[in-house]
Each structure stands twice: as C-alpha cells, then as structure tokens.
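Shown next, in structure tokens, is the structure this report addresses.
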Amino acid sequence: SQTIHQWPATLVQPVGSPLSLECTVEGTSNPNLYWYRQAAGRGLQLLFYSVGIGQISSEVPQNLSASRPQDRQFILSSKKLLLSDSGFYLCAWGATYEQYFGPGTRLTVT
Amino acid sequence: EDQVTQSPEALRLQEGESSSLNCSYTVSGLRGLFWYRQDPGKGPEFLFTLYSAGEEKEKERLKATLTKKESFLHITAPKPEDSATYLCAVPPTGTASKLTFGTGTRLQVTL
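First to last, the protein sequences are chains R and E. So the first sequence is numbered by the numbering used here: it starts at 1 and just counts up by one. So the second sequence is numbered by the numbering used here: it starts at 111 and just counts up by one.
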C-alpha cells in the first residue's frame with residue numbers, strides 16, 4: 001500500500017529565515033505530487049504540482065519554490081519567509097485524478 | 111470560470127439526526143467528483159469518487175450521490191466521531207492532474 005510522509009510536523013520560523021519542507025511517497029512509482037497551503041478556516045490552495053522528476057508547475061506567484069529531485073520526493077522551499085507564509089502545508093500524491101494527502105506541516109512565521 | 115461551492119458552511123447536528131451536505135459545481139465535462147473528510151490538524155482523508163449522474167457510493171453512515179449540477183453527502187444517524195470538515199473537489203475544465211476544492215462544510219455532532 002502507498003504511504004506519504006511529511007516533515008517536520010510543526011515548525012516555527014522567524015521572518016526572513018529560509019524554509020525547507022520535505023515530502024516522500026512510498027509504494028508507488030511516478031506519482032503526480034502536489035503542495036497545498038491551507039490558511040486557518042479556509043480551503044486548500046494549490047501551490048505547486050509535478051508530473052515527473054524536474055517538472056514543476058507553479059499555480060500562485062509567491063516567494064516559495066518547489067523541487068522534485070527524485071521520483072517520490074517533493075520539496076517546498078523559500079529563501080526568506082514572510083509572515084503571510086504561515087499556514088498548514090499539505091503534500092499529496094495522485095495517479096489520475098484522486099489525490100491522497102500527507103499529515104501536513106504547521107508553519108508559524110513569527 | 112470553474113467553481114465548487116459547498117453549503118452549509120457549518121452544520122451542528124445532534125447524535126442520530128440525519129442531514130445532507132451539498133456540493134455544487136460548474137465545470138464542463140465532469141471527470142469525477144471527490145469527497146474528503148478532514149479532521150482538525152490533519153490532512154484530508156479520501157472518502158469517495160463519483161463519475162456520473164445517478165451514481166451513489168456508501169461508507170458506514172455516509173452516502174454520496176451525484177447529479178449533473180451537484181453532489182450530496184448524506185449522513186444517516188451521525189455519531190460524534192463523524193464530526194469533521196467535509197471537502198468536495200472536481201478536476202477543473204480542460205485540465206488534467208489537478209483538483210479544485212470547495213471550502214468545506216464543518217460538521218459538529220453532539221450527544
């Protein structure tokens with residue numbers, strides 16, 4: 001069966017500091033991978049998605065970036081965090097249209 | 111523009127009090143409608159996929175139905191453990207590999 005991991009689970013970072021969130025998937029090959037952000041009490045905002053190694057599509061202009069160095073690894077990064085980057089970050093994988101989510105990372109920028 | 115609208119925004123039920131959640135969508139050529147459950151502080155958990163009008167899926171106390179314009183998630187005799195936010199999503203028109211999510215219905219079931 002497939003498993004998706006995210007870490008860290010929680011993170012508190014000062015404004016202007018860098019960010020790296022990691023997501024890995026087990027039990028499947030060549031999955032589509034996704035990064036979402038969920039602000040408190042709001043819906044899911046798609047940030048990036050990838051259909052293959054090195055292929056990244058950006059949905060929202062921002063100071064975040066994503067990379068896919070391996071088939072089942074997806075990384076979300078920032079060089080300098082803003083207060084507005086606070087939120088709940090979710091990684092997901094999918095084969096066709098269905099998507100399966102990881103446990104999420106709660107990021108607080110102070 | 112594609113839209114996914116969920117109602118009500120929040121719903122409070124007593125244990126055993128059945129009700130329905132609504133998800134209306136405007137996309138061309140529906141390629142599936144997806145229901146998820148999200149508990150506080152956790153990632154959404156996949157529940158159902160519906161592909162065509164008239165289709166129904168069931169899981170325990172939940173039953174999802176689909177028409178050409180909307181989907182309903184019926185909750186029969188809910189229990190407190192059914193309390194969660196329920197999200198629906200559809201693939202946007204003409205786009206593969208992505209989903210557009212509604213903002214969800216926050217369900218609270220009390221004793």
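Backbone N, C-alpha and C define an ideal beta-carbon position, used for all residues, glycine too.
Under a Cβ-count criterion, where at least 16 other Cβ atoms within 10 Å of its own Cβ denotes burial, should residue i be classed as buried or exposed?
| i | result |
| --- | --- |
| R/S50 | buried |
| R/N32 | buried |
| E/Y135 | buried |
| R/W7 | exposed |
| E/S181 | buried |
So residue i and residue j are supposed to be a Cβ contact under 8 Å. How far apart are they, rounded?
| i | j | result |
| --- | --- | --- |
| E/T159 | R/E98 | 6 Å |
| R/S77 | R/S67 | 7 Å |
| E/G212 | E/V114 | 4 Å |
| R/G102 | R/A92 | 7 Å |
| R/Q38 | R/L47 | In fact, because the Cβ distance is near 11 Å, the residues do not count as touching under 8 Å. |
| R/L107 | R/D85 | 7 Å |
| E/A163 | E/K178 | 5 Å |
Quick check on residue i - is its C-beta less than 8 Å from some C-beta in chain E?
| i | result |
| --- | --- |
| R/N32 | yes |
| R/V25 | no |
| R/L107 | no |
Consult DSSP for residue i and reduce its assignment to one of helix, strand or coil.
| i | result |
| --- | --- |
| E/L197 | strand |
| E/P190 | helix |
| R/S84 | helix |
| E/R141 | coil |
| R/V60 | coil |
| R/Q124 | It is not possible to answer for residue 124 of chain R, since the shown part of chain R is limited to 1 through 110. |
| R/I53 | coil |
| E/N132 | strand |
| R/Y36 | strand |
| E/K169 | strand |
| R/G41 | coil |
| E/Y146 | strand |
| R/E98 | coil |
Looking at chain R, is there any beta carbon in it that lies within less than 8 Å of the beta carbon of residue i?
| i | result |
| --- | --- |
| E/L221 | no |
| E/P223 | Only positions 111 to 221 of chain E appear in the structure, and residue 223 of chain E is not among them; the question remains open. |
| E/G204 | no |
>> Closer than 8 Å between beta carbons: that is the criterion. Which residues of the stretch 207 to 221 of chain E meet it against chain R?
In response: S207, K208, L209, F211, G212, T213 and G214
>> What are the residues in the stretch 145 to 165 of chain E lying within 9 Å of chain R by C-beta distance?
In response: Y146, Q148, G151, K152, G153, P154, E155, F156 and T159
>> Using a Cβ-Cβ cutoff of 7 Å, what residues of the stretch 114 to 145 of chain E are near chain A? List them in chain order.
In response: Judged by its chain identifiers, the structure shown contains no chain A, and its protein chains are R and E.
>> Residues of the stretch 35 to 53 of chain R in Cβ contact with chain E at a cutoff of 8 Å, in chain order, please.
In response: R42, G43, L44, L46, Y49 and V51
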